[in-house]
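Please read the structure below before turning to the comments.
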Amino acid sequence: MLTTSSYDQLKNAQMAIGKLKDAKPSIYRKFINIIKLTRQLQFGYQYMGALIMDEDPGKFNSKSKDDYVLSVYYREIENLKTDKKFLDLQQLLKTYKQLSYANISKLALGEKPEALVGPTIVR
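Following this line, the structure appears as structure tokens:
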């Protein structure tokens, strides 16, 4: 799937992430930890986003087949979803979903919107 992100859309998402960080630091920190865990396990950000948003992750399946690793990952996702402030994160992800969960994750990690402008292949 191909998505295209404009600078303005990315800048708006970056500002929304900044507001979440300032207003709800605990859920922001958990989200960052999930993003980092996703990267360390070499899972796709789209897979992560689908799990967080209760979407079908089938087409973005993880490469790992190790049951223990997957169980730890799923447990961390569930821990995030049971946070009292999860609805704020969920709303942010829903609002900017068209940018791709990968771009949202990269913005949350501090990447500049300029680097993410243009078409992106979502896997």
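Using numbering that gives the first Met the number 0, the letters of the sequence shown correspond one by one to residues 0 to 122.
Cβ coordinates follow ideal geometry from the N, Cα and C atoms, glycine included.
- Residue nearest to tyrosine 95 within the set Lys80, Asp66, Tyr73, Met52 is Met52 (criterion: CA-CA distance).
- Taking the Cα of leucine 19 as reference, the smallest distance to any Cα among Leu86, Asp65, Tyr6, Glu113 is reached at Leu86.
- Ranked by how close their Cα comes to the Cα of lysine 84, the residues Thr37, Phe30, Ala107 have Phe30 in first place.
- Lysine 93 and glycine 117 have their C-alpha atoms spaced approximately 20 Å apart.
- Serine 25 carries a helical assignment under DSSP once its states are collapsed to helix, strand and coil.
- DSSP lists no beta-bridge partner residue for serine 104.
- The Cβ atoms of leucine 115 and asparagine 102 lie closer than 8 Å to each other.
- Per DSSP, the continuous alpha helix (DSSP H) segment holding lysine 93 begins and ends at 85–94.
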